[in-house]
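Residue numbers (the working numbering): 529 to 765.
Glycine included, C-beta positions come from ideal geometry on N, C-alpha and C.
Owing to the predicted nature of the structure, the values given are computational and were not obtained by experimental measurement.
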Ligand SMILES: *Cc1c(COP(=O)(O)O)cnc(C)c1O
């Protein structure tokens, strides 16, 4: 299957049910992204700042870029001028930094709060208590140049469907709870980003409305790290 036909068949499945496809293009060359773009895809996800910036410069300007990987505060400035959404907000500190740089560019940057749902210790994100704490924090209430659009989560990487399903169920409960408690009158709090190539159907079943698909769109990632213009690996930035 070509990238274009993958995009077309995913759009046929996802558009009618109101699920947004984020095509995860990390490690993939700009030619592959252009092919997806030409097939009508406009939302792309990347997890490394420097790789994202290079691709943004090289590709059409109406692409909506989503950052889906951990963001260090000192890198916010590079993406603030153009980023459409930061899905991987995992601290109040980084959120304040995003707000500061968004203000400089006279923008409001859409963000998702990343929630830690997986078993693995290594995944970034807030646990339930931290999430409530940040939403109650006075400093959070004062941020004017960020807009919280919803939550993002990554399920445990396992073949055990029951585990993954329970995690997505928990995410949906958390989303509904946060919505009712903190964003009841905020229509723009409406995104639940969960599901990757291996588990997106389960995520949609459990109420997710944004899926982040890499290999389903572009095929397996054969190289580990994108080569930057200076010849370095994106990973070593
Ligand atoms: C890489 C990545 C994806 C996509 O993974 P696939 O299994 O290729 O679909 C989705 N979300 C995040 C946060 C990722 O880092």
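So, under 8 Å CB-CB, residue i and residue j are touching, yes? Tell me the CB distance rounded to an integer number of Å.
i, j, result
"residue 738", "residue 720", "7 Å"
"residue 653", "residue 704", "Actually they do not touch by this definition, with Cβ atoms about 18 Å apart."
"residue 636", "residue 596", "20 Å between Cβ atoms; not a contact."
"residue 837", "residue 676", "The requested residue 837 is not part of the displayed model; the chain covers only 529 to 765."
"residue 612", "residue 594", "6 Å"
"residue 626", "residue 643", "No, residue 626 and residue 643 are not in contact; Cβ-Cβ is about 17 Å, not under 8 Å."
"residue 741", "residue 552", "6 Å"
"residue 607", "residue 587", "Going by Cβ atoms, the distance from residue 607 to residue 587 rounds to 14 Å, so no, they are not a contact pair."
"residue 684", "residue 695", "6 Å"
"residue 659", "residue 714", "The pair is not a contact, with the Cβ atoms about 16 Å apart (cut-off 8 Å)."
Taking 6 Å as the line, does the beta carbon of residue i fall inside it for any heavy atom of ligand 1?
i, result
"residue 724", "yes"
"residue 580", "no"
"residue 596", "yes"
"residue 575", "yes"
"residue 678", "no"
"residue 537", "no"
"residue 747", "no"
"residue 552", "yes"
"residue 653", "no"
"residue 741", "yes"
Nearest by alpha-carbon distance to residue i: which of the options is it?
i, options, result
"residue 545", "597, 632, 696 and 735", "735"
"residue 592", "534, 615, 679 and 537", "615"
"residue 566", "655, 541, 530 and 579", "530"
"residue 536", "588, 758, 724 and 746", "746"
"residue 620", "640, 632, 607 and 631", "640"
"residue 577", "633, 564, 601 and 646", "601"
"residue 541", "728, 742 and 753", "728"
"residue 693", "661, 606, 646 and 671", "646"
"residue 547", "538, 554 and 555", "538"
"residue 759", "696, 582, 699 and 655", "582"
"residue 534", "753, 744 and 571", "744"
"residue 725", "749, 622 and 710", "749"
"residue 559", "532, 575 and 550", "532"
"residue 732", "761, 713, 697 and 757", "697"
"residue 711", "556, 648 and 669", "669"
"residue 679", "757, 655, 730 and 686", "655"
"residue 768", "638, 648, 763 and 572", "The first residue shown for the chain is 529 and the last is 765, placing residue 768 beyond what the model contains."
"residue 687", "664, 681 and 730", "730"
"residue 661", "699, 753, 709 and 751", "709"
Name, in chain order, the residues that DSSP records as bridge partners for residue i.
i, result
"residue 680", "642 and 721"
"residue 573", "552 and 594"
"residue 674", "637"
"residue 617", "641"
"residue 654", "643"
**Study point:** alpha helix (DSSP H) runs contained entirely in the segment 721-760, provided each spans 4 or more residues
**Key:** 728-733 and 743-746
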